[in-house]
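The listed protein sequences correspond, in order, to chains A and B.
Counting in my numbering, the first sequence runs from 11 upward without gaps.
Counting in my numbering, the second sequence runs from 14 upward without gaps.
Just so you know, even glycine gets a beta-carbon here, dropped at the ideal spot from N, CA and C.
What follows is a set of notes on a single structure, which appears directly below.
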Amino acid sequence: MGNTSSMLTQYDIEEVQGHCHDLFEQQEILSLYQRFCQLDRNAKGFISSDEFLSVPEFAMNPLSQRLLKMVDGLNFKDFVAFLSAFSAKASLRQKVELIFKVYDSDCNGKVSCNDIMEVLRDLSGSFMSDEQREQVLSQVLKEAGYTSDSFLTLEDFVKVFGSSGPEMDVEIPVD
Amino acid sequence: MNSPAGKLVTSRSELNIEDYLLSDSSINEPRGKLRLRDLLDISPTLTEAAGAIVDDSFTRCFKSNPPEPWNWNIYLFPLWCCGVVVRYCILFPLRCFTLAFGWFIFLTSFIPIHSLLKGHDRLRKQIERVLVEMICSFFVASWTGVVRYHGPRPSIRPKQVYVANHTSMIDFIVLEQMTAFAVIMQKHPGWVGLLQSTILESVGCIWFNRSEVKDREIVAKKLRDHVQGADNNPLLIFPEGTCVNNNYTVMFKKGAFELDCTVCPIAIKYNKIFVDAFWNSRNQSFTMHLLQLMTSWAVVCEVWYLEPQTIRPGETPIEFAERVRDMISLRAGLKKVPWDGYLKYSRPSSKHSERKQQSFAESILVRLEEK
């Protein structure tokens, strides 16, 4: 019906595990596969934007559109690789890297002031005016030693987060 | 111009999904001067999104539970094959025959009664009621349905409605076999629609169209009129508005609870060992669903008629609906989720994401003031 009838072989699981740098256990990969097949309704091999948005909790998220650009059309291996940053075993750097990728929507390796503004706009919506956002941004940038023309690289992000990394762990339900 | 003071008042009439989801939201915790790291740290929002991708309570409500295959074995496999042969080649034809026989009796009685007794409405309605109950019994027999009813049987009284949890259209047939309810249903295409317009019309059914927005007021009025009439069959409503997989209940629509009358809850629980009675309307047509039931061993379910409830003073219809949902979920052993069943067909309204945006904006602005 909606559930998968094809099972993953041990080879498949190990391949996926290698692709995500062993950040998930084999049971977790199996659970993720079940979930992937549940969301991918007509077994196309990837999950379309529409199918992601049919999860109301995801559709309600202010960053859903940004994330959709990153996950739309991924096959299972890349899907697991994307989620691997949320594993408890992922390193601080890997988590910061994901956050960097969310900001860097044009994938040029640099996050400009404008990129930060865009994300801030997604997160605050109509509840902050543009002036307020500019004010907040310039204040924190100045304090951290950057100007509004600066570009932040991944290394800058890692420096900003310091040793207490972002708390970004998602538990994969294994039943 | 844009002031963040657009407060979304969460009145008692709105259940806060956020309270359910983010019981320990960490977005607002850090205090003190705003730093770059606070601005860049979008990890709570990302974690929520990833959590939703990995597992969410809404999709769980609509997951079919296919029976686990148990036939991978040298002696179990032939047994299973025998079972298949019995089910498809012996039981299924017997059941088809029973059903056809039942339909024959029904149609040869219903059509003459319907046309001949046109003047004597009261008598005609009584006979039609009995006939509808009879054909539903035949349906239940065609799946070898074993239904246990608990509690006092429904009575025909004005100013009362019956509400039940919804798993499949067969809920209606299982309940109708005991009492000829009038029901409010979505109009279906095909042979089901034909049955709806001819036979169900005689027990007094109300139609609605999910996609019509203005439909709601028209239907609300029809419901009110029906309930007031003393002669009408008792009205059965499925307030979830959609089929759920009999492990969870989604939020009840308040339409049934603001009719100013007694609400009698009915809880239905199917025994999954025999067959999974959940009708996943996205995957199966009703015909396929019926065929699946007719080629299974049995449909076993329990029906509990619970104590009639009235709205308490000071209670809003939504709170009343939740109270009744608590009763039904408790009785049938179902878990409650705070989602609207119609999210199956449409996206959540933007006010949920707006609420998140508002709390984020407020937390940033508060800390902006702190120097």
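Worksheet item: phenylalanine 56/A to aspartate 125/A, Cα distance in whole Å?
Response: 28 Å
Worksheet item: Hey, how far is the Cα of lysine 76/B from the Cα of glutamate 61/A?
Response: 15 Å
Practice prompt. Determine the DSSP secondary structure at phenylalanine 265/B, reduced to helix, strand or coil.
Written response: coil
Worksheet item: Taking the C-alpha atoms as reference points, what is the distance between glutamine 370/B and serine 59/A?
Response: 22 Å
Discussion item. So with CB distances below 8 Å, who are the chain B contacts of glycine 135/A?
Written reply: Ser366, Glu367, Gln370, Gln371, Ala374
Practice prompt. Please determine, among Gln104/A, Leu102/A, Glu128/A, Ser101/A, the residue with the shortest C-alpha to C-alpha distance to aspartate 114/A.
Written response: Glu128/A
Fill in: Interface positions of the region 39-55 of chain A facing chain B (Cβ-Cβ less than 9 Å), listed along the chain
Ser41, Leu42, Arg45, Gln48, Leu49, Arg51
Worksheet entry | Contacting positions in the region 143-169 of chain A - beta carbon closer than 8 Å to chain B | Gln145, Val146, Leu147, Gln149, Val150, Leu151, Glu153, Ala154, Tyr156, Phe167
Practice prompt. Entirely within the region 215-283 of chain B and at least 3 residues each: give me those beta strand (DSSP E) ranges in chain order.
Written response: 219-221, 248-250, 261-264, 275-283
Fill in: Start-end ranges of the alpha helix (DSSP H) lying completely within the region 119-155 of chain B, minimum 4 residues
134-155
Worksheet item: Comparing the C-beta of leucine 47/B with each C-beta of chain A, is any distance below 7 Å?
Response: yes
Practice prompt. Under 6 Å Cβ to Cβ from phenylalanine 333/B, same chain only, skipping five residues before and after it: list those, please.
Written response: Phe270, Ile324
Fill in: 7 Å CB neighbourhood of isoleucine 140/B in its chain, flanking five on each side removed
Ile126
Fill in: Cβ-based neighbour list, phenylalanine 110/A, same chain, cut-off 6 Å, excluding 5 preceding and 5 following
Leu164, Phe167
Discussion item. Against threonine 308/B, what residues of chain A qualify as contacts under a CB-to-CB distance less than 9 Å, listed in chain order?
Written reply: Near threonine 308/B there are no residues of chain A at all, since even the closest Cβ is about 15 Å away, more than 9 Å.
Practice prompt. Say whether chain B places a C-beta atom closer than 7 Å to the C-beta of serine 122/A.
Written response: no
Worksheet item: Beta-carbon separation of phenylalanine 105/B and methionine 307/B under 7 Å?
Response: yes
Worksheet item: What three-state label does DSSP hand serine 451/B in the structure shown?
Response: Because residue 451/B is not part of the residues shown, which for chain B are 14 to 384, the question remains open.
Discussion item. Using a Cβ-Cβ cutoff of less than 8 Å, which residues in the same chain neighbour leucine 151/A once the five nearest sequence positions on both sides are dropped?
Written reply: Cys123, Thr157, Ser158, Ser160
Discussion item. Within 10 Å of its beta-carbon, does phenylalanine 110/B have 16 or more other beta-carbons around it, so buried, or fewer, so exposed?
Written reply: exposed
Item to complete: Mind checking which residues open and close the alpha helix (DSSP H) that includes alanine 334/B?
Response: 330-345
Worksheet item: Going by other Cβ atoms of all chains shown within 10 Å of its Cβ, with 16 needed for buried, is glutamine 36/A buried or exposed?
Response: exposed
Item to complete: Report the three-state DSSP secondary structure of lysine 364/B (helix, strand or coil).
Response: helix
Worksheet item: From Phe137/A, Ser173/A, Phe171/A, pick the residue whose C-alpha is nearest to that of leucine 378/B; which is it?
Response: Phe137/A
Fill in: phenylalanine 291/B at chain A interface by Cβ criterion, 7 Å
no
Discussion item. For asparagine 71/A, would you say it is in contact with chain B, using Cβ-to-Cβ distances shorter than 7 Å as the test?
Written reply: yes
Worksheet item: Over what stretch of residues does the alpha helix (DSSP H) that includes tryptophan 204/B continue unbroken?
Response: 203-208
Worksheet item: Can you tell which of Glu375/B, Ala177/B, Leu59/B has its C-alpha closest to the C-alpha of phenylalanine 265/B?
Response: Ala177/B
Worksheet item: Is any beta-carbon of chain A found at less than 7 Å from that of arginine 50/B?
Response: yes
Discussion item. Contact criterion: CB-CB distance below 7 Å. Does valine 67/B meet it with respect to chain A?
Written reply: yes
Worksheet item: Taking C-beta to C-beta, are leucine 249/B and phenylalanine 194/B nearer than 7 Å?
Response: yes
Item to complete: Over the uninterrupted beta strand (DSSP E) stretch that includes glutamine 190/B, give me the two end residues.
Response: Run containing glutamine 190/B: none; DSSP gives neither H nor E here.
Worksheet entry | Residues that glycine 158/B bridges to, as DSSP identifies them | Val312/B
Worksheet item: With a CB to CB cut of under 6 Å and the five nearest residues on each side skipped, what residues in its chain are close to threonine 157/B?
Response: Ala311
Worksheet item: Could you check where the alpha helix (DSSP H) with methionine 127/A kicks off and where it finishes?
Response: 123-134
Practice prompt. State the Cα-Cα distance for the pair cysteine 149/B and aspartate 273/B, rounded to the nearest angstrom.
Written response: 30 Å
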